[in-house]
Amino acid sequence: MKQRVLLTGGAGYIGSHTYVALIEAGYDVLILDNFSNAARDVPTRLAEITGQSAAVVEADILDRASLDRVFADNKIDAVIHFAAFKSVAESVKKPLVYMQNNVVGLVNLMQSMDQADVRRLVFSSSATVYGNAADVPTPETASLGYGNPYGHSKLVCEQIIEQTIASDPRWSVGVLRYFNPVGAHPSGIIGEDPSGIPDNLMPYVAKVAAGQLPVLSVFGDDYPTPDGTGVRDYIHVVDLAKGHVNSLSALERDGQGHVVNLGTGRGYSVFELIATYARASNRDIPYKIAPRRDGDAASSYADPSLAKTVLGFEAEFDLFDMCRTSWVWMQTAAERAE
Ligand code: NAD
Ligand code: WQD
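Position one of the sequence shown corresponds to residue 5 (my numbering), numbered consecutively onward.
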């Protein structure tokens with residue numbers, strides 16, 4: 005019997021790529037999304053990639069009755085929980101909205117799962133739970149903290165999960181701390197689609213390369229890094245999606261939960277990313293040096309060794325692949341919009 009997995013936020017950026025990886029791995033998948041940050045045609049595009057129609061429920065994780073109905077109507081074996089708000093800048097302006105969607109949403113979901121006797125969960129966490137970690141590469145044992153309401157919401161979610169597992173050992177949970185997910189499916193059919201002006205570097209660079217934004221601001225060139233710009237562990241979203249399949253298999257195999265980093269273990273600077281994107285797109289990327297952004301660390305990259313031991317996970321794609329697929333996605337999206 006195929007295992008049936010519920011993907012909350014499955015129409016979003018990481019959820020949609022994970023959907024494809026799960027279908028390819030032989031899972032039966034049900035997407036639950038309220039489309040607050042996803043295009044309506046994502047399910048159609050997923051069908052284009054997989055050759056089968058995507059099962060989707062439009063619902064809000066804040067609506068407990070809807071969640072209960074989904075579990076009553078469908079035999080679910082496991083849940084991967086992506087649904088959340090993710091903008092650091094917006095979270096500073098709207099902390100209560102972030103706590104409600106990210107923390108209350110998780111509590112609702114876990115209560116509904118518990119009631120339905122489904123206790124296998126993979127949770128989207130973030131390297132943001134390390135705060136401004138002093139240790140790079142960062143192992144999972146590094147001290148935890150937060151620098152903004154978004155980061156705080158993810159840390160509280162991790163604590164809620166830890167306390168729930170301690171109270172009831174039937175729970176089996178994989179907590180995945182993503183570093184910086186970028187890139188797109190190689191088909192160009194799905195990818196990251198931020199509305200408005202992007203907060204994050206790669207989508208901003210993509211829009212500058214495409215001529216949709218005039219110039220990139222490089223936030224600081226005086227960091228103690230080899231070229232003075234910030235260093236991050238960019239991970240291809242297709243690699244990240246594979247990490248979720250590995251996490252689910254590990255939970256099925258031994259029932260043991262895990263808390264692991266998903267990164268490549270290699271840091272790239274802002275200047276390296278700009279140069280690589282320019283090469284991958286064959287476009288100029290105009291930039292100017294701007295002041296440092298509040299709360300940014302000089303350097304952040306994962307110690308990826310635990311993911312290798314526990315999940316057999318290793319990232320395969322490099323920065324050029326990430327830029328190249330992002331650029332293919334930008335072009336395909338532009339053609340679709342015509
Ligand atoms: P995304 O915004 O593209 O996807 C989130 C999806 O959840 C969207 O489709 C949105 O419509 C849906 N959603 C939001 N609130 C909902 C609600 N109340 N009910 C139902 N659906 C809801 O974001 P993403 O980049 O795919 O991120 C997925 C997860 O990974 C999030 O939990 C995010 O915090 C985490 N994460 C993302 C990054 C990143 O850089 N993208 C890094 C670390 C962790
Ligand atoms: C990367 C580098 C910037 C934009 C964020 C969240 C984190 C996680 C991933 C969800 C830094 C520089 C950026 C720009 C720039 N999300 N930069 N000009 O800050 O590492 O992580 O996304 O969990 O929680 O904080 O990623 O892409 O914003 O920045 O120079 O216009 O690019 O200073 O060095 P970050 P980012």
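Here a beta-carbon is modelled for each residue, glycine too, at the ideal position from N, C-alpha and C. Fair warning: this is a prediction, and the values are worked out from it, not measured in the lab.
(request) Within its chain, find whatever has a CB closer than 7 Å to the CB of H156; leave out the 5 residues flanking it on each side and keep chain order. (result) Here residue 156 refers to the residue found at position 152 of the sequence shown. Cβ within range, chain order: Y150.
(message) So the candidates are R270, S251, I278; which of them puts its Cα closest to the Cα of G261?
(response) Along the sequence shown, one-based indexing puts residue 261 at 257. The option with the nearest alpha carbon to G261 is S251.
(request) Can you tell me which of Y31, A337, V96, A15 puts its alpha carbon nearest to the alpha carbon of M5? (result) Taking the first residue of the sequence shown as 1, we reach residue 5 at position 1. Out of Y31, A337, V96, A15, Y31 has the C-alpha closest to the C-alpha of M5.
(message) Under 7 Å: does the beta carbon of T229 sit that close to some heavy atom of ligand 3?
(response) Here the bound small molecules are ligand 1 and ligand 2; ligand 3 is not part of this structure.
(message) Using a Cβ-based criterion (distance less than 7 Å to any ligand heavy atom), does K312 qualify as near ligand 1?
(response) The sequence position of residue 312 within the sequence shown is 308, counting from 1. Not under cutoff, so the answer is no.
(message) Any heavy atom of ligand 2 closer than 7 Å to the beta-carbon of T132?
(response) Taking the sequence shown and counting its residues from 1, one reaches residue 132 at position 128. It does: the Cβ of T132 is within 7 Å (strictly closer) of some heavy atom of ligand 2.
(request) Taking only the alpha-carbon atoms, compute the straight-line gap between R124 and G224 and give it to the nearest angstrom. (result) In the sequence shown, counting from the first residue as 1, residue 124 sits at position 120. In the sequence shown, counting from the first residue as 1, residue 224 sits at position 220. Distance between the alpha carbons of R124 and G224: 43 Å.
(request) Report the three-state DSSP secondary structure of L100 (helix, strand or coil). (result) Residue mapping note: residue 100 aligns to position 96 of the sequence shown, counting from 1. L100 falls in the helix class under three-state DSSP.
(request) Note the first and the last residue of the continuous alpha helix (DSSP H) segment covering V242. (result) Along the sequence shown, read from residue 1 onward, the residue named residue 242 stands at position 238. V242 -> alpha helix (DSSP H) spans 241-258.
(message) Please report the straight-line C-alpha distance between A63 and A311, rounded to a whole angstrom.
(response) Position 59 of the sequence shown, counting from 1, holds the residue named residue 63. Position 307 of the sequence shown, counting from 1, holds the residue named residue 311. Distance between the alpha carbons of A63 and A311 is about 32 Å.
(request) With a 10 Å radius around its C-beta and 16 neighbouring C-beta atoms as the bar for buried, classify G135 as buried or exposed. (result) For the purposes of this step, residue 135 is identified with residue 131 of the sequence shown, where counting begins at 1. Looking at its Cβ environment, which holds 16 or more other Cβ atoms inside 10 Å, G135 is buried.
(request) Report the rounded CA-to-CA distance for A188 versus E196, giving the unit in angstroms. (result) Here residue 188 refers to the residue found at position 184 when the sequence shown is read from its first residue. Here residue 196 refers to the residue found at position 192 when the sequence shown is read from its first residue. Near 7 Å, if we compare the C-alpha coordinates of E196 and A188.
(message) ligand 1 and Y182: does any heavy atom of the ligand fall closer than 7 Å to the residue's C-beta?
(response) Here residue 182 is taken as the residue at index 178 of the sequence shown, counted from 1. Answer for Y182: yes, Cβ within range of ligand 1.
(request) Quick one: measure Cβ to Cβ for A306 and F183, integer angstroms, because I've assumed they're closer than 8 Å. (result) As a position in the sequence shown, residue 306 is number 302, starting the count at 1. As a position in the sequence shown, residue 183 is number 179, starting the count at 1. Indeed they touch by this definition, with Cβ atoms about 5 Å apart.
(request) Please determine if the segment 129-145 and the segment 157-169 are in contact, where contact requires at least 3 C-beta pairs separated by less than 8 Å. (result) yes
(request) With distances taken Cα to Cα, identify the nearest neighbour of I35 among Y227, A29, G16. (result) Reading the sequence shown from its first residue, position 31 is the one you call residue 35. Among Y227, A29, G16, the Cα nearest to that of I35 is on G16.
(message) Any heavy atom of ligand 1 closer than 7 Å to the beta-carbon of T12?
(response) Counting from 1 along the sequence shown, the entry for residue 12 is found at position 8. Answer for T12: yes, Cβ within range of ligand 1.
(message) Classify E144: buried if its beta carbon has 16 or more other beta carbons within 10 angstroms, exposed otherwise.
(response) Here residue 144 refers to the residue found at position 140 of the sequence shown. That one is buried.
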